[in-house]
Amino acid sequence: MSLLLRVLGTILNIIAIVVNYIANLLVPRIKPTFPPIRNPVLKKSITELREDLIQKKLTSQELVQIYIERIKEVNASLNAVVQDRFEEAIKDAQHADSLISKADNDVKLLLLFQRYPLLGIPFTVKESCGLKGLSFSVGSLKRQHEVCPQDSEVVGLVKAAGGIPLLVSANPEFCFSFEADTHVNGKCLNPYDLRRTSGGSSSGEGSLNGAGATTFGVASDVSGSIRLPSLFCGVFGHKPTGDLVSVQGHFPYSNTDAQFADFLQMGPITRFAQDLPLLMKIMAGKNAHKLKFEEGVKLDDIKIFYTYSMGNFVHIPADFEIKLAITRAVKCFEKGGLYTEQVNIPGFQSAVEMTLSHLVSLKGIPSVITHSSVERPTRLEILKELCKSLTGYSKITAMPIIVELMIEMNAFLTNGQNEKLKKEMKELRKDLIQLLGTNGVLFIPTYHKSAGFFNGCSVLNISGVVLMLMFNILGFPATHVPMGLDRRGMPIGFQVVAAPYMDKLCLQIAAELEGAFGGWKEPLENMEFFLRLIQFMVKIVYLLVYFVLNFVLPRKKEQTIPPIKNKLLTLSLVQLVQRLRLHQLTSKELVEAYIERIREVNPYVNAVIEERFEEALKDAERADNMLNKCPLDQTKALFTQYPILGIPFTVKESCGLKGMSYVIGSLERVNKKAPRDCTPVENFRSAGGIPLLVSSNPEYCFSIETNTFTNGRCLNPYDFRRTCGGSSGGEGALHGSGASLFGIGSDIAGSIRIPSLFNGVFGHKPTGGLISNQGHFPNSDDPDCLEYLQMGPITRFGRDLGLLLQIMVGKEAHKLELLAPVETKDIKVFYWFGFEGLNGFLHQSVAFDIQLSIMKAVKYFEKKGSTTEPAKIKHFRHSTEIAMTGIGRLKNFPYLMRNDNKPPTVRENLKELIKSFLGYSKYTKEALIFELMRSTNVFMPKANNQKYEAEAKQLKQEIVDLLGSNGVLFFPTFHVPAIHHNTSVFPLWGIDYCLIFNVLGLPCTHIPMGLDSNGLPIGFQVVAAPMRDKLCLQVAGELEQGFGGWVPPTKHDFK
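Position one of the sequence shown corresponds to residue 1 (the UniProt record's numbering), numbered consecutively onward.
Structure, rendered in structure tokens:
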């Protein structure tokens, strides 16, 4: 071992750790100025684009033009382009379209794309890889006018496959650096943070791919030059097996050293792992058969070996989040039944010496100073040039000179040490091949940290490159796999290594991990900065408020409401119908029991707006008369016609019960009466149901707590200091108190599900557009409103939901196939504990008890024979933007402060909001905050609405594809149980847990799962694909049976 090398390495590492810490602490993140991706074509893989071209949904010229526009959008910020050929590319695209148009049937099209698998697909090329007629300076001032005389062999193969090159991208001088900052082209910046490097030496390709500005790039790798930019920019990059892909036409290159073709490999960088096999097949050319792609890979046979480091103290330890990424990937494959093993490879102990020894032994590489592979500079000349460079007087950048100095000084190693290290390298190669065999892969960090800052950070962190360089020298294939973002919003991941020519194993693992963890994440600046800033600030305040309130105002342990004394109140709808059919119970007895209970609990919870008890008793008498006239053997037919004959129910005021209060919490609507029954009330009345009252809701339903100037505050039966939720707050409180058998609620942003959570009952939001909104206020003729706003049932009994939904839906009920249940074991359960990544960080964390309830339900279904697995839904990253945009763009939805459906100005909103906080407004502050969000387009530019609308469609399709016809998703309804009064503005920013599924039009059922340690109800929602409501209801019934469902706030006291 070289003591000097180890000492230098250790000193650099110590300095690097300090500098990295200070830089991350002091240097703020700079968001790019380029716009977010708005065109969904830019988010399609090559596989998908090929299909669009084959089906003639898209022309090559359109595709090329879309990417040219995107490149122009981002390059002003990233500086990744050295020279473009856009005009020629459009001509190439026109030629491709001509070929496609001449293929006038499916057979000809198939043959055409077999011959030209990349026909019409644009791509980009790292400058050093050689694209005929374009710049070939490779970052050197001495070469700045060099033009590439011919395509490199790899570029020629890609062009022969029909690919259309768009440009050559930036690289460091002579590719001798880990950041691109040259005197020719300047700095190439990272799309996730403009103060950080995009890596090197395939810097421009990393930036363009990370920014979504290319389908794929042709790059090169001699010491991590594909993998490091792939890590820093959050994309996939594959370094092939040594000597697999020709490097003819690359600069720099050695014509005299055969080793060079083993070390240097050209390969693809792309956002989509599924594209890698096709790209490798093309790039490998005549050697493609060695990859044996046609034999496929049996995933179950793959063995996973993993390590978190080289086990060498000279290396800076990998960041925790990179280690965590490896652990998550390992656990994912363990769950799939694959063999996994953590390994410690002794040969890695000398990794620094071995790799540098081999690197400096390369011959025939041109000098960055003399530009000759024969005339080498002396050590003194190199040091002189380095001093000039560091003081700003050299035409050469510093890092290539440092590399040249290391070569000249033989990396501080003696010739005797070199020979020994070469033998050790051979032994290590032999040991690794034996370990991995033909079905093993190694998970190891690509680099020890995410993207660093410019100006020296790359030199200080140079030891980390050994993690990649090792596999260049060994000639092993290695694929970088992105695994999300770290706490700073920067991409992280690791590399997957296999034995020589087993590249297909790396690519298969990459595809599996892309499916499990989402792969490339769009740069986080695409989040709406102002909206997310508000969300984050509110989160910080609420963390303090929530802690203080729970500490200062703990739940009262004494009884809250009177206990239930009448057993009739504990029977489900199904049980009560059975008793009525058998003449064991009269409707009047049942109605009286519920009237008595309502009168008993309402002084405590204040849930009733207006009752119709006298009329309800008359309705009950009429129902009893019908029953008395019907012989016992004919009651079945009677209940077929009137399935809930004589059954009492309650109605949320906003849903509309004819002749009853229709104020909706607004002082301006006092004395308003509902002119008609809403559609569900009509259906329930036609089925024999008896409405008892209308219950409270917030002003215009614009809040998640129910507190109005017209009716006061509606309280939670489990803790009077907390809200019953909203907007179906009164229904939630009545049901939680055992004072209603079932109720009609409405849900546009969780307005059924949140009160169901806070009050410990079941609530179902049907598939979007399933139930008419006629009779509801507020409402709109906007088609999206019917999709988002749905009326649905709230009840204490999960087993009743099916019958209730069938009646509510009416004539369209057959579409739901509610009478054809699915075997429990055939239901596939996906689960998620909350949003992840930066999106998850900006949201308030989901309470542990709620997460635990999801896990308990998952284990329950596993015992029932169902398949369960964690869900990974990549398009959830913009959940807040998608959800809020959906509400913000609703047309003709009534405004609180205007009656002509024209929005109040922001100034008017703010003025009224201030008055409300001071107690001088006739509007509630919660409703005004919602109004302000609508008038400001939820603090987002309206120009971005189209983008988020497109993302909503992608998200919906992703979930529908995941769930299929028999899958459900277990997902938090809200992040915490019932909140304290007057705090709803703080947790409001977690509303997208519910709202997102309104915007997507998916059915959801909240399921109560008992009480937490504070005695508050907890639970979660079950989501299914459109028109698969029955899966949600079936799961609700199963979990009610398994866990008991509703738990009364006060223990029953039967006489």
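Just so you know, even glycine gets a beta-carbon here, dropped at the ideal spot from N, CA and C.
Under the 8 Å Cβ criterion, the region 957-972 counts as touching the region 1010-1025, having at least three qualifying pairs. In this structure, DSSP gives Lys57 a state outside helix and strand, which the three-state scheme calls coil. Rounded to whole angstroms, the Cβ separation of Tyr831 and Thr867 is 12 Å, and the two are not in contact under 8 Å.
Contact between Cys175 and Ser225 holds, since their C-beta atoms are separated by about 6 Å, short of 8 Å. Around the CB of Met409, fewer than 16 other CB atoms lie within 10 Å, so the residue is classed as exposed. When beta bridges are read from the DSSP output, Cys1004 appears opposite Lys765 and Val1023. Nearest to Thr241 by alpha-carbon distance, out of Gln851, Ala258, Ile807 and Met266, is Met266. Assigned with DSSP and collapsed to three states, Ile66 falls in helix.
Looking only at Leu757, Ser737 and Gln508, the smallest Cα-Cα distance to Pro603 is reached by Ser737. The alpha-carbon separation between Phe742 and Ile754 amounts to approximately 16 Å.
Under a 10 Å Cβ-count criterion, Val548 is classified as exposed, with fewer than 16 other Cβ atoms of the shown protein chains found around its own Cβ.
Residue pairing from DSSP places His980 in a beta bridge opposite Arg722. Contact check for Lys126 against Val218 passes: the beta carbons are separated by less than 8 Å.
When DSSP reads this structure, Lys303 sits in a beta bridge with Tyr339 and Gly440. Using a Cβ distance threshold of 8 Å, Gln495 and Arg227 count as a contacting pair. By the C-beta density criterion, Tyr920 is exposed, having fewer than 16 other C-beta atoms within 10 angstroms. Put simply, the backbone Cα of Pro229 is about 25 Å away from that of His878. For Ser230, the uninterrupted alpha helix (DSSP H) run begins and ends at Arg227 to Cys233, by DSSP. The shortest CA-to-CA distance from Asp1029 to any of Asn255, Cys1004 and His735 is the one to Cys1004.
Membership of Val466 in any beta strand (DSSP E) is not indicated; the residue belongs instead to the alpha helix (DSSP H) covering Val466 to Leu474. Between the region 201-209 and the region 69-81, the count of C-beta pairs closer than 8 Å reaches three or more; the two stretches touch. If you look at Ala616, you'll find it in the alpha helix (DSSP H) that goes Phe613 to Lys629. For Phe649, DSSP records a beta bridge to Pro691.
Within a 10 Å sphere around the beta-carbon of His875 sit 16 or more other beta-carbons, which makes this residue buried.
Between the region 910-920 and the region 846-861, the count of C-beta pairs closer than 8 Å stays below three; the two stretches do not touch. Using a C-beta cut-off of 8 Å, the region 479-491 makes no contact with the region 351-371, since fewer than three inter-stretch Cβ pairs fall below that distance. For Thr905, the number of other beta carbons within 10 angstroms of its own is below 16, and it is reported as exposed. Residue Tyr594 holds the alpha-carbon nearest to the alpha-carbon of Glu614 among Phe841, Thr340, His145 and Tyr594.
Nearest to Ile664 by alpha-carbon distance, out of Phe236, Thr924 and Ile54, is Thr924. When secondary structure is reduced to three states using DSSP, Tyr831 falls in the strand class. Leu380 sits exposed, since fewer than 16 C-beta atoms from the chains shown fall within 10 Å of its C-beta.
Runs of the beta strand (DSSP E) lying entirely within the region 134-187, each at least 3 residues long, are 164-169 in chain order. Annotation for Leu890: no alpha helix (DSSP H) segment contains it, and DSSP assigns it neither H nor E.
If you draw a straight line from the Cα of Asn185 to the Cα of Val81, it is about 9 Å long.
By the neighbour-count criterion, in which a residue is buried when 16 or more other Cβ atoms sit within 10 angstroms of its Cβ, Asn707 is buried. Scanning Val670, Leu513, Asp1053 and Pro987 for the CA closest to the CA of Val846 turns up Pro987.
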